[in-house]
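K.L.:
Please read through the structure below; I'll follow up with questions.
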Amino acid sequence: MRDVIVRGLEQAYDNSVHMIAEFLPRFVVMLIIVLIGLVVAFLFEYLLRAILHLTRLDRLSEEAGATRVLKKAALPSVSELLSRSLFWLTWLGFILVGISVLQIGSLQEQISHLFQLLPQILVAILILFVGLLAANFFSRAVLLATVNAGYKSPQVWSGATRFVIWILAISMALEQIGLARQTVIAAFSIVFGALMLALAIAFGLGGREIARETLERHLGETKKDREEEPSPL
Amino acid sequence: MAEDTFLDDDFLRQLMSVGEVDLLVGIPSHNNATTVAATVDAIEECFRQNFYRDRVVIVNVDGGSKDGTPEAVLNAAVSQHENGRGLTSLRTEHCVGMRYAQPVSTGQLYRTLLAAADLLRAKACAVISPASSNVAPAWIEKLLKPVYREKFDFVAPLYGRHKFDGLLGRNLLYPMARAVFGWRVRELHPSDFAFSGGFGSYCVNQDVWHEEAIGASAETWMAITGTRPDFRICQAFLGQKMHAATTSGSDIVSAVRDAVGAFFWCMESQQEIWTARTGSEAVPTNGPDHELTIQAVRINRKRIFELFRTGASELETILKSVLSPETHAEIQRIAALDERKFRLGGELWARILFEFAASYHRAVINRDHLIQALVPLYRGRIYSFLLDHQESSPQEIEDDTEALCLELERQKPYLLERWNQKG
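Here it is as C-alpha cells:
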C-alpha cells in the first residue's frame, strides 16, 4: 500500500518535472517573442509617427474637423492615434505568436481565428476613420451652404448628412469584419430607407414653401431674388 | 513655354497668322451673346479713333458658351470691317478666338489670354468684360494709353456706381488691400483692366495657375501682383458701371468665395512683401477716384439681418474656432440686439477680417469653409452700412470708407500678431 502511494507520488512528480521541463523553455521563448514584439512595436510606432508628421496628416484632419471630434472624445491627435494603434496591433500580433508557441490546443484555434481577422479589423478601423473625416467635412459644408442660402433648420440638414455618412461607414466597417453580415445589411437598408422616406414626407408635407422656393431657384431666378441684396462687386 | 501645353493647334495657327502686335484686347466670355457684339464694336471704334497706326488684335477666349457667343464676336468683327465708315485703321485689325468645349474657370480664360499676348509679343493688353452693357471706346483708350504711352504695368479701373453697389469692395477688399499691401487700389476684383506685355509674361510664367483661388479670381491676383515693387500700377476712371445694383443671395456667396478666397491666398503667398509694409500710398489716378449716384434701389434689409443673425447662431462652433473669444463674444452680443439698434462698427469689423485672415493662414478649418463662414458676418456689416447710410450723401459715404481704411491700417500690428501666432 505504502509502495503504491510512493510510486504514484513519484510518477506525479516525474510528470510535473517533465511538464515543467517541456513548458519552461516554451514559456521563455514566448517571453522573448513578447519582448522582441515590444521593441518592434515601439520602432513601428516611432516610424509611423515620423512619416505622418511629414505628411501633415494632423493639419488635414484639423481642416476636416476630425481633430475637434477626437478632442471632444478625449482622444489624442490622428497621427498619435494611428501610431498608438499600430503599436498595440503589432505587439498584440507578437503576443499571439508567443502564446501559440505554448502549444495549448484550444488556444491555438482561437489565435488563428484572431490572426485571420486582424487585417480586416485594420481595414474596418480605416473605414471608420475616413467615415469620420467625410462626415465632418460634408456636414459642415451642408451647414454653411444652408445657412448662407437662408434655408430653415440648417442643423437638421447638417446632422442628417453626418448621420447618413456615419451609418454608411459603420455598415461598411461591420461588413468588412463579417460581423452579422445579413443583419447589418438589413439594418442599414431599413435605417437609410426610413430616413429617405421621412425626409420625403417632411419635405412634401411640411416644406411646401421650401419646395417651391427650391424649384424656383433651380428653374430660374425670380425677380424677388434679384432684389434681395446689394451687388457686392 | 507654358502656353504650349494648353493652347490648341487651331488657336496657335490663328495667332501665327496674326504675327507680332502692339496692342491686344482680350474678351473672356461665357454666354454673353447679347452684349458681346457691342463690346467688339466699342473696341474696334477705339482702335480706329486712337490707335490707327498700331498693330492690333482682338482675342476672344470663350469658356463653353451655349448661346453662340464666339460666332457673335466674329460676326461683329466682320460687319465692322464691311460697314466701316469715316476713320479707318491703317493696319489690318485682327480678330481671333479660342473656344473651350466645356465651361472652364475664369482663371483659365485669363491664362489663355495672357499666353496669347505673350506669343504675339503685345506691348499693351486690355481685358474687357462683355458682361457690361455700356462699354465705350473711351474705356479701352483710358485703359491702354497709360500702359502703351506712359509705361505703367497695370491699370486698374474705377467706376461710377450706385452708393450701395460694390459693397464687398468698399467694406472689405479695398480697406483690407490698403492696410495689408499698402496701396490705395479701389477695384481689386476688376472686370476691365490693362497690363503691359512684360507684366503679362511675368504672370503667365508663374506657377500659380493650378491654384483654386487663381482659377476663381485670377484678376484679383493680377491686381495685387501689380502692386509689387517691380511693377508700376495706376487707376483710370472709366465711367458708370451698368449692371444690376441688387443681386441674389447665391451671387453674394460666390462673390465672397472667389474674391476673398483669392485675396487671402495672395496674403499667404506674398507675405514676405506685405508684412514689412506700414501705412498706405496713393497710386496715380486718371480722373476722379470715386463717383457715387444715389437713386433709390429696393433692398430687403430685414432678410440681410436675419441671415446674419442665423449665421451667428448656427455657425457658432465654426466661428469659435476661427475668432478670438472676445471677438466672438462681441458678435454674439450684437446679434442679440434689436435690428434698429444693431451696429457692426469699423473696429469690430477690422478685428473680424484680420482674425479670419490669420485663421486662413493657419488653416484652422478647410479654407473654403472658412471663407463661407465669413459670409453671414459680411451681411451683418452690410446691414450696418445700409442703416448708417440710408440718407447719406456720397461724401459722407466716402468719409466713412476712409475712416474704415484708417481703422484697418491702425490695427495692422494686431493682424501681424495673429498671423505670426503659433498653433
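So the protein sequences, as listed, match chains A and B. With my numbering applied, the first sequence covers 1 to 233. With my numbering applied, the second sequence covers 1 to 423. The C-beta atom is built at its ideal place from N, Cα and C for all residues, glycine as well.
Quick check for students: name the residue ranges of the alpha helix (DSSP H) that lie wholly in the stretch 295 to 328 of chain B, counting only runs of 4 or more.
P.N.:
Correct list: 301 to 314 and 316 to 322.
K.L.:
Enumerate in chain order the residues of its own chain whose CB-to-CB distance from residue 4 of chain B is below 7 Å, with the five nearest sequence positions on each side excluded.
P.N.:
Within the second sequence, residue 4 of chain B is the residue found at index 4, counting from 1. Residue placement at residue 4 of chain B is poorly supported in this model, since its pLDDT is 49, which falls under 50; the coordinates still yield a value, given next. Correct list: empty, nothing qualifies.
K.L.:
Below 9 Å on C-beta distance, what does residue 147 of chain A contact in chain B?
P.N.:
For the purposes of this step, residue 147 of chain A is identified with residue 147 of the first sequence, where counting begins at 1. Ordered by position in chain B, the residues that pass the 9 Å Cβ test against residue 147 of chain A are 307, 310, 311, 314, 315, 372, 373, 375 and 376.
K.L.:
Determine whether the Cβ of residue 144 of chain A lies closer than 9 Å to any Cβ atom of chain B.
P.N.:
Sequence index remark: in the first sequence, residue 144 of chain A carries index 144 (1-based). Yes - at least one Cβ of chain B is within 9 Å of the one on residue 144 of chain A.
K.L.:
Which residues in chain B sit within 8 Å of residue 84 of chain A, going by Cβ to Cβ distance?
P.N.:
Your numbering for residue 84 of chain A matches position 84 in the first sequence. Ordered by position in chain B, no residue passes the 8 Å Cβ test against residue 84 of chain A, which lies about 22 Å from the chain.
K.L.:
Of all the CB atoms in chain A, is at least one closer than 9 Å to the CB of residue 167 of chain B?
P.N.:
Locating residue 167 of chain B in the second sequence gives position 167, where the first residue counts as 1. Chain A, which has a Cβ nearer than 9 Å to the Cβ of residue 167 of chain B, makes this yes.
K.L.:
According to DSSP, simplified to helix, strand and coil, what is residue 53 of chain A?
P.N.:
The sequence position of residue 53 of chain A within the first sequence is 53, counting from 1. DSSP places residue 53 of chain A in helix when its eight states are reduced to three.
K.L.:
How long is the line joining the alpha carbons of residue 139 of chain B and residue 252 of chain B, rounded to whole angstroms?
P.N.:
Position 139 of the second sequence holds residue 139 of chain B. Position 252 of the second sequence holds residue 252 of chain B. Rounded to whole angstroms, residue 139 of chain B to residue 252 of chain B spans 27 Å at the Cα level.
K.L.:
Please report the residue range of the beta strand (DSSP E) in which residue 98 of chain B lies.
P.N.:
Residue numbering aside, residue 98 of chain B sits at position 98 when the second sequence is read from its first letter. Note, residue 98 of chain B: beta strand (DSSP E), 93 to 100.
K.L.:
I'd like to know if residue 334 of chain B contacts chain A, where contact means its C-beta is closer than 9 Å to some C-beta of that chain.
P.N.:
If you number the second sequence from 1, residue 334 of chain B lands on position 334. Residue 334 of chain B does not count as touching chain A.
K.L.:
In whole angstroms, what separates the C-alpha of residue 22 of chain A from that of residue 49 of chain A?
P.N.:
Within the first sequence, residue 22 of chain A is the residue found at index 22, counting from 1. Within the first sequence, residue 49 of chain A is the residue found at index 49, counting from 1. Distance between the alpha carbons of residue 22 of chain A and residue 49 of chain A: 41 Å.
K.L.:
Taking beta-carbon pairs under 8 Å, can you tell me which members of the stretch 99 to 120 of chain A lie near chain B?
P.N.:
Answer set for the stretch 99 to 120 of chain A: empty.
K.L.:
In the DSSP assignment, find the unbroken alpha helix (DSSP H) run with residue 197 of chain A in it and report its ends.
P.N.:
Your numbering for residue 197 of chain A matches position 197 in the first sequence. Taken as a continuous stretch (DSSP letters only), the alpha helix (DSSP H) holding residue 197 of chain A covers 181 to 201.
K.L.:
Quick check: is the beta carbon of residue 20 of chain B nearer than 9 Å to any beta carbon in chain A?
P.N.:
Here residue 20 of chain B refers to the residue found at position 20 when the second sequence is read from its first residue. It does not; no Cβ of chain A falls within 9 Å.
K.L.:
Please classify residue 372 of chain B as buried or exposed, where buried requires at least 16 neighbouring CB atoms within 10 angstroms.
P.N.:
Working through the second sequence from its first residue, we reach residue 372 of chain B at position 372. Answer is buried; the Cβ neighbour count reaches 16.
K.L.:
Between B/96, B/45 and B/34, which lies nearest to residue 57 of chain B when the distance is taken from Cα to Cα?
P.N.:
As a first step, residue 57 of chain B is located in the second sequence; it is residue number 57 there, counting from the start. Cα-wise, what sits closest to residue 57 of chain B is B/96.
K.L.:
At a Cβ threshold of 9 Å, is residue 303 of chain B touching chain A?
P.N.:
The count along the second sequence starts at 1 and reaches residue 303 of chain B at position 303. Yes, residue 303 of chain B counts as interfacial toward chain A.
K.L.:
Could one say the Cβ of residue 366 of chain B lies closer than 9 Å to chain A's Cβ atoms, at least one of them?
P.N.:
Residue 366 of chain B sits at position 366 when you count from the first residue of the second sequence. Yes, because at least one Cβ of chain A sits closer than 9 Å to the Cβ of residue 366 of chain B.
K.L.:
Flag residue 164 of chain B as yes if its beta-carbon sits less than 9 Å from any beta-carbon of chain A, otherwise no.
P.N.:
Along the second sequence, read from residue 1 onward, the residue named residue 164 of chain B stands at position 164. Closer than 9 Å: yes.
K.L.:
Residue 150 of chain A CB to nearest chain B CB: under 9 Å?
P.N.:
Your numbering for residue 150 of chain A matches position 150 in the first sequence. It does; some Cβ of chain B falls within 9 Å.
K.L.:
Please classify residue 1 of chain B as buried or exposed, where buried requires at least 16 other C-beta atoms within 10 Å of its C-beta.
P.N.:
In the second sequence, the residue the question calls residue 1 of chain B occupies position 1. Note on residue 1 of chain B: pLDDT 46, under 50, position unreliable in the model; the coordinate value appears next. It counts as exposed.
K.L.:
Let's test the definition: count the other Cβ atoms within 10 Å of the Cβ of residue 65 of chain B and tell me whether it reaches 16, buried, or not, exposed.
P.N.:
Residue 65 of chain B sits at position 65 when you count from the first residue of the second sequence. Looking at its Cβ environment, which holds 16 or more other Cβ atoms inside 10 Å, residue 65 of chain B is buried.
K.L.:
Going by the beta-carbon positions, is the gap between residue 105 of chain B and residue 279 of chain B smaller than 9 Å?
P.N.:
Numbered from 1 along the second sequence, position 105 holds the residue referred to as residue 105 of chain B. Numbered from 1 along the second sequence, position 279 holds the residue referred to as residue 279 of chain B. No, Cβ-Cβ distance for residue 105 of chain B and residue 279 of chain B is not below 9 Å.
K.L.:
Going by other Cβ atoms of all chains shown within 10 Å of its Cβ, with 16 needed for buried, is residue 200 of chain A buried or exposed?
P.N.:
Here residue 200 of chain A refers to the residue found at position 200 when the first sequence is read from its first residue. It counts as exposed.
K.L.:
Could you pull out every residue in the same chain whose Cβ sits closer than 7 Å to the Cβ of residue 283 of chain B, ignoring the five residues on either side in sequence?
P.N.:
For the purposes of this step, residue 283 of chain B is taken as residue 283 along the second sequence, with counting starting at 1. So the list reads 183, 184, 185, 233, 234 and 235, once near-sequence residues are dropped.
K.L.:
Going along chain A, which residues have a C-beta under 7 Å from residue 424 of chain B?
P.N.:
As shown, chain B starts at 1 and ends at 423. That puts residue 424 of chain B outside it, with no answer to give.
K.L.:
Should the stretch 208 to 228 of chain B be regarded as contacting the stretch 384 to 403 of chain B, the criterion being three or more beta carbon pairs within less than 8 Å?
P.N.:
Cβ pair count under 8 Å is below three, so no.
K.L.:
Nearest by alpha-carbon distance to residue 27 of chain B: which of B/20, B/402, B/132 and B/289 is it?
P.N.:
In the second sequence, the residue the question calls residue 27 of chain B occupies position 27. The shortest Cα separation from residue 27 of chain B among B/20, B/402, B/132 and B/289 belongs to B/132.
K.L.:
With distances taken between CB atoms, is the gap from residue 121 of chain B to residue 25 of chain B smaller than 9 Å?
P.N.:
Start at 1 with the first residue of the second sequence, and residue 121 of chain B comes out as number 121. Start at 1 with the first residue of the second sequence, and residue 25 of chain B comes out as number 25. The answer is no: Cβ separation not under 9 Å.
K.L.:
Hey, residue 148 of chain B and residue 23 of chain B: beta-carbon distance below 9 Å or not?
P.N.:
To locate residue 148 of chain B, count along the second sequence from 1; it is residue 148. To locate residue 23 of chain B, count along the second sequence from 1; it is residue 23. Cβ atoms of residue 148 of chain B and residue 23 of chain B: closer than 9 Å.
K.L.:
Quick one: what's got a C-beta closer than 6 Å to residue 384 of chain B's C-beta in the same chain, skipping five residues either side?
P.N.:
Translated into positions along the second sequence, residue 384 of chain B becomes position 384. Within the same chain, residue 384 of chain B has close Cβ partners 343 and 344.
K.L.:
Using the C-alpha atoms, what's the distance from residue 149 of chain A back to residue 426 of chain B?
P.N.:
Any question about residue 426 of chain B goes unanswered here, given that chain B covers just 1 to 423.
K.L.:
Determine whether the Cβ of residue 300 of chain B lies closer than 9 Å to any Cβ atom of chain A.
P.N.:
Numbered from 1 along the second sequence, position 300 holds the residue referred to as residue 300 of chain B. Closer than 9 Å: yes.
K.L.:
Find the residues of chain B that neighbour residue 137 of chain A, judging by a C-beta separation of less than 9 Å, and give them in chain order.
P.N.:
Counting from one through the first sequence, the residue named residue 137 of chain A turns up at place 137. Neighbours of residue 137 of chain A on chain B, chain order: 366 and 369.
K.L.:
Give me the Cα-Cα distance between residue 161 of chain B and residue 293 of chain B, rounded to the nearest whole angstrom.
P.N.:
Looking up residue 161 of chain B in the second sequence gives position 161. Looking up residue 293 of chain B in the second sequence gives position 293. Going by the C-alpha atoms only, they are around 6 Å apart.
K.L.:
With DSSP collapsed to three states, give me the class of residue 339 of chain B.
P.N.:
In the second sequence, counting from the first residue as 1, residue 339 of chain B sits at position 339. Residue 339 of chain B falls in the coil class under three-state DSSP.
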